[in-house]
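One structure is given below, encoded as structure tokens.
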Amino acid sequence: MSGERFCVLIIGGYGTFGGRLARLLGDQPRLRLLVAGRSLEKADDFVADLRTPKDGAEGLGSNNLGAMVQAVSFDRDGDLTEQLTRLRPHLVIDASGPFQTFGKDAYKVVEACIGLGIDYADIADSTGFVAGISGLDAAAKAQGTFALSGLSSLPALSFAALDAMAPHFSRIECVSAGIAPSAHVRIGLNVVRAIATYAGRQVTVLRDGRPASRRGLIDAMRVTVAPPGGTPLRSRKFLLVDAPDLTLLPQHLADLKSSFTGVGTEPQPLQHLLSLAARLVRLRLLPSLLPFARLLQRASHAFAIGEHRGGMFVRVSGIDHAGKRLSCGWHLIAEGDDGPFIPIVGVDALVRRLLSGVRPENGARPAAGELQLEDFESAFRRFSITSGIRMENEETPLPLYQRILGSAWERLPPAISALHAGGARVASGRARIERGGGLLARIVAGVIGFPKAGEDVPVTVRFVADGDKEIWTRDFGGTVFRSWQAEGKGRDRHLLAEVFGPFRVLMAPVPDGEKLRLVVRGWRFCGIPLPMFLAPGGDTYEEERDGRFHFHVEIGGRLTGLVVRYTGWLVVE
């Protein structure tokens, strides 16, 4: 390949995922990218947009364009041998789909590539397609090519996360995985069609070590996606989907007893309606949701409500090397528009490895286990993506904040980790206190017992463990008020719950350099959930300054204005 650009043909190159892949690979000057699809006009428009400088553009896209990019017409129902011979790619990436609807000639593109000695990869999420590609293994090996299917979130990334957690176990018994797309991401029609194909249909999972039939988009599990040190997604139900993992996991893990793959969309009421429609299919009141795919897509676009954040999880449980029960989970959150890049990060990693001279073994097979987690996480650094592994061994007692933060605990400055080290302890120092002047603010402060305003006030905080919670007794110059903190349960999992009288505030501890920020994620009055736009807010954080623990606590809201703000320092005695 000396002096020759490495040529990559992206089928569906101007689509939801193919277009993002082209943008992601566009910074590689050694590449010749062929953006392909049935419509040459659409391909031309996409390439023109890719080449057009955009004011203030940063990161991905035209400003970093170093690859040679060309729009081409490609029809998967046409003469594949003629088209591939004319275009002469080194690698074909199929980013089209839905692979669930390819029919009896599902592998004709793969077979054409193998016949011409061209390497192949795809982002298929169809269980049958991904698992069935192994039938072409002998032919691919004979031609000296590779064909990898499912180089996407499920199964490539999920298996990479599973393999990263596997060394903690002597036996893995349960694996579940799920994807939670942002409500604000405009889901492509092919993705909706893929989901519609198995709505209400039988999906084979493992239960008690044996195959069992469950119903797509009806069976569910609740999960809070919460990478260590990140602000969790809101707890949500994940509806069962037919993903390749369900077929591949039993082949990978001999002791596996339970499996699940799901999707958790926002807003949840819209997902409830989707599940209800799936039940109509199950009851044979509807033949399929496939004819309603475009309507479902429009509904998802019209009801884009909630945070612009997406995520993914893989949870594993079983027996550790000491013979004890162990569970752990890998969690990921993508901010804003970065979520839809996750399904094509694996293909991006594959291409970059090929450019560096690292080539997969020849043969045709599912992409499960083909890449390591570090391959994905290296690519994540180009985005606003947070990921990490949480150990959830309930038999090992840990301090409250360490349980919630997981591996992010190690990033805390020593003064902060010392204050939250657990057990009975006392810390003392000085504080400055400000109080809000509004009537409602004064009433709230009085109910809770917040101290009055003052400068250089002596402060002592006593921490006492009481079961799984900590009681904090604060003494500001003789004015004492108490609260207790605990790890949230159920829907509030992975959040810090602090109770002041009748108020319960849910917060996410988020390390930020030398600071530990406490981000409010919900609140309740006498157990009744209250609207987030009325939640007590403010800039609340802890930090290490000059080797000493400093605090900055701000409590207020839209109705009350500032209730109290106290700042100062503490030293653990």
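For the sequence shown, the numbering used here assigns the number 738 to the initial residue and increments by one for each residue that follows.
Glycine included, each C-beta is placed from N, C-alpha and C at the ideal position.
How many angstroms separate the CA atom of residue i from the CA atom of residue j?
{"i": "S1121", "j": "G966", "result": "14 Å"}
{"i": "D945", "j": "E1280", "result": "48 Å"}
{"i": "G899", "j": "F1078", "result": "Note that residue 899 is Leu in the sequence shown, not Gly. Answer to the nearest angstrom: the Cα atoms are 20 Å apart."}
{"i": "D1112", "j": "P1188", "result": "52 Å"}
{"i": "R1228", "j": "T968", "result": "14 Å"}
{"i": "S895", "j": "T984", "result": "13 Å"}
{"i": "L1307", "j": "L1110", "result": "40 Å"}
{"i": "G1293", "j": "V1300", "result": "5 Å"}
{"i": "W1260", "j": "A759", "result": "43 Å"}
{"i": "K845", "j": "A1086", "result": "25 Å"}
{"i": "R1230", "j": "A1223", "result": "10 Å"}
{"i": "R813", "j": "L824", "result": "14 Å"}
{"i": "Y1278", "j": "R971", "result": "21 Å"}
{"i": "A1272", "j": "I909", "result": "41 Å"}
{"i": "S919", "j": "S1037", "result": "10 Å"}
{"i": "S1165", "j": "P1136", "result": "20 Å"}
{"i": "V1256", "j": "I1042", "result": "20 Å"}
{"i": "R973", "j": "M958", "result": "8 Å"}
{"i": "P835", "j": "F975", "result": "21 Å"}
{"i": "V829", "j": "R1062", "result": "44 Å"}
{"i": "S996", "j": "A1015", "result": "21 Å"}
{"i": "L821", "j": "R788", "result": "25 Å"}
Going by C-alpha distance, which of the options is nearest residue i?
{"i": "A763", "options": "L777, V745, E1072", "result": "In the sequence as displayed, the identity of residue 763 is Gly instead of Ala. Of the candidates L777, V745, E1072, the one whose C-alpha sits nearest the C-alpha of G763 is V745."}
{"i": "S907", "options": "D992, R1148, E1192, R1035", "result": "D992"}
{"i": "D781", "options": "G749, R767, V1256, G872", "result": "G749"}
{"i": "E1171", "options": "A1164, S1165, R1179", "result": "R1179"}
{"i": "G752", "options": "D831, P1246, R825", "result": "D831"}
{"i": "L1020", "options": "A936, G1066, L770", "result": "A936"}
{"i": "M1128", "options": "Q880, V978, R1140", "result": "R1140"}
{"i": "P892", "options": "A1105, P1150, K1226, L1296", "result": "A1105"}
{"i": "G1264", "options": "E1235, G1094, F1286", "result": "E1235"}
{"i": "G1076", "options": "L1013, G1100, R923", "result": "R923"}
{"i": "V978", "options": "R930, L990, L1108, L1233", "result": "R930"}
{"i": "C850", "options": "P835, F883, V867, F839", "result": "F883"}
{"i": "P1097", "options": "M958, E1107, C911", "result": "E1107"}
{"i": "H1058", "options": "P904, L1013, P790, Q837", "result": "P904"}
{"i": "W1067", "options": "R947, I916, L1176", "result": "I916"}
{"i": "T998", "options": "T941, S1012, L761", "result": "T941"}
{"i": "A1161", "options": "F811, R1167, R1016, A1202", "result": "A1202"}
{"i": "G925", "options": "E1291, F754, F1029", "result": "F754"}
{"i": "R1090", "options": "R757, E741, Q765, G756", "result": "Q765"}
Let's see if you can read the secondary structure: which residues bound the beta strand (DSSP E) around residue i?
{"i": "L768", "result": "768-774"}
{"i": "G1259", "result": "1252-1262"}
{"i": "R1230", "result": "Premise fails: R1230 is in no beta strand (DSSP E) and is neither H nor E."}
{"i": "K974", "result": "973-977"}
Exposed or buried, residue i, counting other C-beta atoms within 10 Å across all chains shown (16 or more means buried)?
{"i": "S776", "result": "exposed"}
{"i": "T961", "result": "buried"}
{"i": "M1049", "result": "buried"}
{"i": "S913", "result": "buried"}
{"i": "Q988", "result": "exposed"}
{"i": "A794", "result": "A caution first: A794 carries a pLDDT of 43, below 50, which makes its placement in the model unreliable, though a value can still be read off. Exposed is the call here."}
{"i": "T1002", "result": "buried"}
{"i": "L1032", "result": "exposed"}
{"i": "G796", "result": "Because the pLDDT at G796 is just 49, under 50, the model does not fix this residue reliably, and the point stays unresolved."}
{"i": "R1285", "result": "exposed"}
{"i": "E1207", "result": "buried"}
{"i": "D859", "result": "buried"}
{"i": "M902", "result": "buried"}
{"i": "M1244", "result": "buried"}
{"i": "A868", "result": "buried"}
{"i": "A897", "result": "buried"}
{"i": "E1147", "result": "exposed"}
{"i": "V1217", "result": "exposed"}
{"i": "A785", "result": "exposed"}
{"i": "G881", "result": "exposed"}
{"i": "P1246", "result": "buried"}
{"i": "P1268", "result": "exposed"}
{"i": "G798", "result": "Any reading at G798 needs caution, since the residue's pLDDT is 48, under 50, leaving its predicted position unreliable; the model's value is listed next. That one is buried."}
{"i": "M738", "result": "Note that M738 scores 48 on pLDDT, short of 50, meaning its location in the model is unreliable and no value can be drawn from it."}
{"i": "T1123", "result": "buried"}
Which first and last residues belong to the alpha helix (DSSP H) in which residue i is found?
{"i": "D945", "result": "No alpha helix (DSSP H) contains D945, which DSSP labels as neither H nor E."}
{"i": "Q988", "result": "982-989"}
{"i": "D692", "result": "Given that the chain is displayed from residue 738 to residue 1310, the structure contains no residue 692 and the question cannot be resolved."}
{"i": "D874", "result": "874-880"}
{"i": "K779", "result": "777-788"}
{"i": "P1151", "result": "1151-1156"}
{"i": "R934", "result": "Looking at the sequence itself, residue 934 is Thr, so the reference to Arg does not match. Counting along the chain, the alpha helix (DSSP H) containing T934 begins and ends at 926-934."}
_Taking contact to mean 3 or more Cβ pairs, one atom from each stretch, closer than 8 Å, check whether the stretch 1045-1057 and the stretch 857-875 are in contact._
no
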